[in-house]
Structure formats: structure tokens, C-alpha cells
Amino acid sequence: MAVCRKWSWTVGLAFAAFLSGCPAPDPSPTPAPVVRSGAATVKSIGVDGDQPGLSMVTGVGKFNGFDAEFAQWLINRNKWNARPFVVPSRDREAVIQEDPAGETIVISSYSITDERRKLVGMAGPYLRTRQGVLVRAGENRVGSTNDLQELTVCTVTGTTSEKQLREQGITRLTLVDGFGECVELLKSRQVDAVSTDLLILYGFAKVENGAVEVVPKLSFGNFEEYGIGFRRGDMAMCERLTESIKDFIDSGTWRTYYRNHDFPPELEDDSRPDPNNLDPC
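Residue numbers (mature numbering (1 follows the signal peptide of the UniProt record, and there is no 0)): -16 to -1, 1 to 265.
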């Protein structure tokens, strides 16, 4: 089994409210003037804190996972003096919009959507995944999305998973703030299943010591394509991030990080974006 690296990061005091779980104000669409801040400087990077395999807090100021390592790689490549911090899914747009200097980016299983592009800029994709289902180990009630329609399914507020579930006719939803909370509800039998991106679910299955498992051969919905969120209209930042993502994939570092975290080998090709077909700025 590959050993995952851990990064020790200092969390910016300016974002203490987010670490304490205090909600941010609702983001709102803003005009998108073209900003060319030639330096494209980043001082703060929002990451998730409860997604094993992607970005998981492992101690005071310590994280590991694909997104966490990618964030550190970006810091090193671009020689940024940046401070990563934990940001809940519901607050991702707000932390970007509320930085007047435009020096905050978000790398947090952040799916690129048209609705989000109305609020923030998004560079990518750097990772792709479809949606799946997590259940208690040994249970066989779920073999298709139709089976979920009579069950209670947990997912997270502020993610694309809720929309995808409703499009499948699944309406008995329990919405919470983090997927770790969903998994705890599943283990305590307060919900019947958890649904979100497959890579997130495989991460939880790995760390839960056999208590939960991903339903095999079940994926649905559109591919979620993860991007980096930044200040809307900042062309210099978009160009810097897009160039970095291309280098990350082309250099083989993407493949190394994917395999370091034991994601399913059979999903690797679908999960790897085409570095020559990234979204234009």
C-alpha cells in the first residue's frame, strides 16, 4: 500500500471564522471586470478538511490527500508564500469574493459548473469523477439509482451532488455540512446511503476499516470536473493556474499523486483530464 505524504501548513488567522464553522454570507453574482494582475499572486488556498484521499485534516495544521498535495505543488511551482486553510463546501464562493486583493483560491473537490462561473472564475479541470453510492458493509439493497428512491440518502449542502440526486428522482435527502458527518450518520443507521463523487466515497471506504463500502459498478450523472476557484475576471490568474494544471498533468505528477492515495486503478484513465483540452480562459 502506498504511503500518503502529509503536509504541515499554517492556517491564516484571517480565516479563523471558517475553521470554527461559522457560515459565510451568501455569495452573490458580481460583475466580472477583466483584471490583469501580472503577478497572479496567491496568499491563501481554501481546502477541504474531511475528505480522506482528497484533503483531510490529520492533525493541527496537517493535511493529506490529492487536493492537499496539489495545493502544495502549486505553492512550490509558483513560489507563492501561501497559507492553506479549511473551507466548508458552502463557503467556497464567499471566501473568494470577500478577498478584495484577489489572492485567495480554492482547491476543494470544486466542480466546475455554469452557475459557479457566475460567481467566481474556475480553472481546470485537474481531476474528473462520476457520482456513486456508499452503504454499510454487507448490505445489498442498492444496485441501481432506482433503489435509492425509497431510501434516505445523505449528501452535503453546497455541492453538485444534491442536484444530481434530484435529477435521478431521489428526494429523501439528508443535507449536512460535511461528508464525514454523512458517514457517521450512515454507520449509526440514521441514513441508508451516502452519495457523492466516487473518489470521495472510495477515500472514506479506505479509512473506515471495512464498516462501509462503495456499491460496485454503480455510477451515474455527468462527470464532475474539479477546478480551481479564483476571483472572477482575473485573466492573469486564470492563465497562471491553467498553465500550472497542464504542467501538473504532463509532468507525471498527477499520476503519482493519484496512485499515492490508492484510488481505484480502473478509474484512473477517466479521472485524468486531457492536459491539451483544459477550459480556456
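Yeah, the Cβ is synthetic: ideal placement off N, Cα and C, and Gly gets one too. Because the structure is a prediction, the values reported are computed rather than measured.
Report the three-state DSSP secondary structure of residue i (helix, strand or coil).
i	result
Gly211	strand
Trp197	Reading the sequence as shown, one finds Glu at residue 197 and not Trp. Strand, per DSSP.
Gly43	strand
Asp258	coil
Leu225	helix
Gly37	coil
Asp253	helix
Leu202	coil
Ala85	coil
residue 268	The question about residue 268 has no answer, for the chain in this structure spans -16 to 265.
Tyr110	strand
Ser95	strand
Pro248	coil
Thinking C-beta only, is residue j closer than 8 Å to residue i?
i	j	result
Val71	Val44	no
Arg224	Ala24	yes
Ile233	Val90	no
Tyr242	Glu252	yes
Phe163	Thr136	no
Val199	Pro36	no
Ser255	Arg112	yes
Leu159	Leu149	no
Glu208	Ser95	yes
residue 266	Gln174	Since the first residue shown for the chain is -16 and the last is 265, residue 266 is missing from the structure and cannot be characterised.
Ser73	Thr141	yes
Lys27	Ala78	no
residue 281	Ile184	Residue 281 is absent from the structure shown; the chain starts at -16 and stops at 265.
Cys166	Thr139	yes
Ser92	Asp51	yes
Ile80	Val41	no
Thr237	Trp64	no
Gly86	Asp263	no
Arg114	Leu182	yes
Ile29	Pro84	no
Specify, as a first and last residue, the run of the beta strand (DSSP E) that residue i falls within.
i	result
Lys102	Unbroken run through Lys102: none, as it is neither H nor E.
residue 271	The question about residue 271 has no answer, for the chain in this structure spans -16 to 265.
Phe69	67 to 70
Gly122	Here Gly122 belongs to no beta strand (DSSP E), and DSSP marks it neither H nor E.
Since residue i is in the alpha helix (DSSP H), which residue starts that stretch and which ends it?
i	result
Ser239	Note that residue 239 corresponds to Arg in the displayed sequence, not to Ser. Start and end: 237 to 244.
Arg76	76 to 81
Ile59	50 to 62
Gly30	Not the alpha helix (DSSP H): Gly30 falls in the beta strand (DSSP E), residues 28 to 31.
Gly164	163 to 171
Using a C-beta cutoff of 8 Å, does residue i count as contacting chain C?
i	result
Arg112	Considering every chain present, this structure includes no chain C. It has just one protein chain.
Following a CB-centred definition, is residue i positioned closer than 7 Å to any heavy atom of the ligand MG?
i	result
Glu151	As for the ligand MG, it is missing from this structure, which has no ligand bound.
In chain order, each alpha helix (DSSP H) run of at least 4 residues that lies wholly inside the stretch 128 to 159: As far as the stretch 128 to 159 is concerned, its whole alpha helix (DSSP H) runs of at least 4 residues are 145 to 151.
Stretch pair the stretch 163 to 181 + the stretch 106 to 119: three plus CB contacts closer than 8 Å: Yes, the stretch 163 to 181 is in contact with the stretch 106 to 119.
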